[in-house]
């Protein structure tokens, strides 16, 4: 055993000639190959531009109705997607409705991502009694179904956009805490964290350099997944009269007020639901695509 | 040029002083009623400039011992003495100790942060200890060259772009970054191909001379330990059963467990291949270890009394000790 032949070249080992690839450039390369994710991201982008530019592109006023042109069908001259039960243009209402729906879908998730992510990472990295405390309180929130919890909090706070955002944030904090805690716990025990501890780095440095960059990705992917749920819940709250109030345009609220017309103009009545459906599907697929692209070993 | 913060810590006790002295180190896991004695009263020394190999089956406490010595987990009892000074409160501060003892792990992928470049990974510890960015860069380049990787090409790469052998070289470079005096190698070549394993072992031998190191080399591969170690320590169920110079121990194992381990190596000679396993059964549950000598239920030469008396480590020959009644009696 003592005469192990050295098969190493006499000089230094040379790396393959291709350029060094950073983590994010690899992610983008994999994303570029994923056509479904690109299409969904494109649809979302078009939607975002439309709702941001709503006052510029909307053909009519979102609030100005007319009794003589109520519930016109799809394809009615001047009103390509028909009119609602008060005679307001559906194209305009859907574009303006997207503003509130997106706001209600994204804001709670962003807020829950910040708060829940922070608490979850603390719980996962600290462990011990602090982690135990955070996780058990999280479990209490978990005891209620999310829809019920959102309705209960919104009901207690009263109707309104701000209260709806607040209640949805509270609903999404526990699942994000749980995901953040799980991911952090799995990273904390890896050898590179052990090695950093062995080098004498402070806890803060270890978390900043070694833990955060490796846990934020998975938590972010999970949070994008929640955007669709948030939109559906927000629509549900509006449908129940707990979110936005008429005459505000919001997809869930429009679905609610148009339900009386479901027998007269079923296709028009379904349009807000279709918008919710397409948006949430796109957010889900983009989130799945991101998850795949962020896996280095794929 | 020389940064006082990151020069090797000078030798204090002289060549005769053991670099690392582990006394009665213990670590128990679990609560009352089901305590796992993962490491139970382990004592040994690593001399300056030597390589001490630790061998044993899975779950015998090798890795727990290494993490105890690194201070990554708290011991239940016992102490670690580094170059004559007690490590911990009242003695050498952990921060000073950690600069002198570094570790290389088995899983070369899990031991590198996937979001950091190779250069950033190696330079992390020096930066933490306050070395300037320029000095760190220079050191990273020196270290990459020392472990046989072209610095210009590897410093900016990410771990997933490297092969297992290259990653393990990076891990070794990182362990060297603080100019330590002792490196704990926890199964450093177990996950590598045989040809790559040989290259990394040769590299370790070269680096030891170049950087004036001592190694604590943990492995389950007896051939590797025979190649690299000066002395060997055999562990069984959290205890030391035999320790001695590599030639003496491999020539005539005094403990039946060591003998069985050595006999379990596949022979290159077909005529010498055995059909019966030298050792049967699994190691007993460490929650409830056997009474007396812990090896007696699996021992081929068990005697009356082995299940009652705990054999102490006794001299076989100079520097060669084994914990078996047959050694004490002879």
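Residue numbers (this note's numbering), protein chains in the order written: chain Z, 4 to 301; chain H, 3 to 332. Glycine residues also receive a C-beta, built at the ideal position from the N, C-alpha and C atoms. As the structure is a computational prediction, the values presented were derived from the model and not from experiment.
Residues of chain H with a CB under 7 Å from the CB of residue i: which are they?
i, result
"residue 194 of chain Z", "107, 109, 112 and 113"
"residue 263 of chain Z", "The premise fails here: residue 263 of chain Z is roughly 54 Å from chain H at the closest Cβ pair, so nothing lies under 7 Å."
"residue 208 of chain Z", "130"
Just the Cα atoms here: how many angstroms apart are residue i and residue j?
i, j, result
"residue 217 of chain H", "residue 209 of chain Z", "26 Å"
"residue 102 of chain H", "residue 327 of chain H", "38 Å"
"residue 309 of chain H", "residue 211 of chain Z", "53 Å"
"residue 287 of chain Z", "residue 32 of chain H", "43 Å"
"residue 266 of chain H", "residue 272 of chain H", "14 Å"
"residue 158 of chain Z", "residue 244 of chain Z", "9 Å"
"residue 333 of chain H", "residue 280 of chain H", "Limits of chain H in this structure are 3 at one end and 332 at the other, which puts residue 333 of chain H out of reach."
"residue 141 of chain H", "residue 179 of chain H", "7 Å"
"residue 45 of chain Z", "residue 111 of chain H", "36 Å"
"residue 20 of chain H", "residue 255 of chain H", "25 Å"
"residue 144 of chain H", "residue 194 of chain Z", "24 Å"
"residue 232 of chain Z", "residue 224 of chain Z", "14 Å"
"residue 279 of chain Z", "residue 26 of chain Z", "34 Å"
"residue 63 of chain Z", "residue 160 of chain H", "54 Å"
"residue 292 of chain Z", "residue 30 of chain Z", "10 Å"
"residue 6 of chain H", "residue 72 of chain H", "Residue placement at residue 6 of chain H is poorly supported in this model, since its pLDDT is 49, which falls under 50; the coordinates are not used for a value here."
"residue 24 of chain H", "residue 46 of chain H", "5 Å"
"residue 133 of chain Z", "residue 207 of chain Z", "17 Å"
"residue 213 of chain H", "residue 131 of chain H", "20 Å"
"residue 122 of chain Z", "residue 144 of chain Z", "14 Å"
"residue 4 of chain H", "residue 148 of chain H", "Low local confidence applies: a pLDDT of 44 at residue 4 of chain H is under 50, so the model's placement there is unreliable, with the coordinate-based value given in what follows. Spanning the two alpha carbons is a distance of roughly 18 Å."
"residue 95 of chain Z", "residue 285 of chain Z", "22 Å"
"residue 246 of chain H", "residue 22 of chain H", "16 Å"
"residue 74 of chain Z", "residue 271 of chain Z", "8 Å"
"residue 184 of chain Z", "residue 242 of chain H", "38 Å"
"residue 254 of chain Z", "residue 105 of chain Z", "10 Å"
"residue 15 of chain Z", "residue 151 of chain H", "5 Å"
"residue 84 of chain H", "residue 135 of chain Z", "36 Å"
"residue 98 of chain Z", "residue 119 of chain Z", "31 Å"
"residue 4 of chain Z", "residue 50 of chain H", "Since pLDDT at residue 4 of chain Z reaches only 41, below the 50 mark, its modelled position is unreliable, and the value read off the structure follows with that caveat. Going from the Cα of residue 4 of chain Z to the Cα of residue 50 of chain H covers about 24 Å."
"residue 175 of chain Z", "residue 229 of chain Z", "8 Å"
"residue 106 of chain H", "residue 180 of chain Z", "33 Å"
"residue 298 of chain H", "residue 29 of chain H", "23 Å"
Can you pull the chain Z residues whose beta carbon is under 7 Å from the beta carbon of residue i, in chain order?
i, result
"residue 102 of chain H", "Within chain Z, no residue comes near residue 102 of chain H; the closest Cβ sits about 11 Å away, beyond 7 Å."
"residue 74 of chain H", "197, 200 and 201"
Given that residue i touches chain H, what residues does it touch there, using C-beta distances under 8 Å?
i, result
"residue 204 of chain Z", "126, 127 and 130"
"residue 26 of chain Z", "116, 117 and 160"
In chain H, what lies closer than 9 Å to residue i by C-beta?
i, result
"residue 40 of chain Z", "In chain order: nothing, as chain H lies at least about 21 Å away."
List, in order along the chain, the chain Z residues whose C-beta lies closer than 9 Å to that of residue i?
i, result
"residue 176 of chain H", "198 and 202"
"residue 180 of chain H", "202 and 203"
Whose Cβ in chain Z lies nearer than 8 Å to the Cβ of residue i?
i, result
"residue 97 of chain H", "203"
> Quick one, which residues of the region 195 to 224 of chain H are near chain Z if we go by CB-CB under 7 Å, in chain order?
Replying inline: Legend: CB atoms of the region 195 to 224 of chain H lying less than 7 Å from CB atoms of chain Z belong to residues 197, 200, 201, 203 and 204.
> Pairing CB atoms from the region 60 to 73 of chain H with CB atoms from the region 39 to 49 of chain H, are three or more of them under 8 Å?
Replying inline: With a cut-off of 8 Å, the region 39 to 49 of chain H and the region 60 to 73 of chain H count as touching, because enough Cβ pairs lie within range.
> Just checking, does the region 186 to 205 of chain H make contact with the region 85 to 101 of chain H on the three C-beta pairs under 8 Å criterion?
Replying inline: Fewer than three beta-carbon pairs drawn from the region 186 to 205 of chain H and the region 85 to 101 of chain H are found closer than 8 Å, and the two stretches are therefore not classed as touching.
> Is the region 45 to 63 of chain H in contact with the region 214 to 232 of chain H, if contact means three or more CB pairs nearer than 8 Å?
Replying inline: Yes, the region 45 to 63 of chain H touches the region 214 to 232 of chain H.
> Looking at chain H, which residues of the region 213 to 228 of chain Z have a Cβ within less than 8 Å of any of its Cβ atoms?
Replying inline: Against chain H - using a Cβ distance shorter than 8 Å - the residues of the region 213 to 228 of chain Z are 213, 216 and 217.
> Are there three or more Cβ pairs, one per stretch, closer than 8 Å when the region 77 to 84 of chain H is compared with the region 315 to 329 of chain H?
Replying inline: Using a Cβ-Cβ distance cut-off of 8 Å, the region 77 to 84 of chain H and the region 315 to 329 of chain H are not in contact, since fewer than three pairs of beta carbons, one from each stretch, lie closer than that value.
>> Quick check on the DSSP output: what are the complete alpha helix (DSSP H) runs of length 4 or more inside the region 78 to 153 of chain Z, in order along the chain?
In response: The region 78 to 153 of chain Z contains these whole alpha helix (DSSP H) runs: 93 to 129 and 131 to 145.
> Unbroken alpha helix (DSSP H) runs of length 4 or more, entirely within the region 183 to 217 of chain H: which are they?
Replying inline: Runs of alpha helix (DSSP H) with 4 or more residues, each lying fully within the region 183 to 217 of chain H, are found at 196 to 213, listed in chain order.
>> Any contact between the region 112 to 122 of chain H and the region 155 to 173 of chain H? By contact I mean 3 or more CB pairs, one from each, below 8 Å.
In response: Result yes; three or more Cβ-Cβ pairs closer than 8 Å.
> What residue ranges within the region 123 to 182 of chain H form continuous beta strand (DSSP E) runs of no fewer than 3 residues, ordered along the chain?
Replying inline: Look at the region 123 to 182 of chain H and you find no whole run of beta strand (DSSP E) that is 3 residues long or longer.
> According to a CB-to-CB cut-off of less than 8 Å, which residues of the region 159 to 184 of chain Z neighbour chain H?
Replying inline: So the list is empty, because no residue satisfies the distance condition.
>> Three Cβ pairs or more, each shorter than 8 Å: is that satisfied between the region 46 to 60 of chain Z and the region 10 to 29 of chain H?
In response: No, they do not touch.
> For the region 139 to 151 of chain H, which residues have a beta carbon sitting closer than 7 Å to at least one beta carbon of chain Z?
Replying inline: Considering only beta carbons, the part of the region 139 to 151 of chain H lying closer than 7 Å to chain Z consists of 147, 150 and 151, in chain order.
> What residue ranges within the region 22 to 100 of chain H form continuous alpha helix (DSSP H) runs of no fewer than 4 residues, ordered along the chain?
Replying inline: Fully enclosed alpha helix (DSSP H) runs of 4 or longer: 64 to 72.
> When you check each C-beta in the region 239 to 270 of chain H against every C-beta of chain Z, which residues fall closer than 8 Å?
Replying inline: Correct list: empty, as no residue qualifies.
> Would you say the region 104 to 119 of chain Z touches the region 75 to 91 of chain Z, given that touching needs at least three Cβ pairs under 8 Å?
Replying inline: No, the region 104 to 119 of chain Z does not touch the region 75 to 91 of chain Z.
>> Please give the ranges of any alpha helix (DSSP H) in the region 211 to 254 of chain Z, keeping only runs that are unbroken, at least 4 residues long and fully inside the region.
In response: DSSP runs (the alpha helix (DSSP H)) wholly in the region 211 to 254 of chain Z: 215 to 242.
> Per the contact definition of three or more C-beta pairs closer than 8 Å, is the region 259 to 268 of chain Z in contact with the region 151 to 167 of chain Z?
Replying inline: The region 151 to 167 of chain Z vs the region 259 to 268 of chain Z: no contact.
> In the region 246 to 304 of chain H, which residue ranges form an unbroken alpha helix (DSSP H) of at least 4 residues, counting only runs that do not cross its ends?
Replying inline: Taken in chain order, the complete alpha helix (DSSP H) segments of 4 or more residues contained in the region 246 to 304 of chain H are 248 to 253 and 258 to 265.
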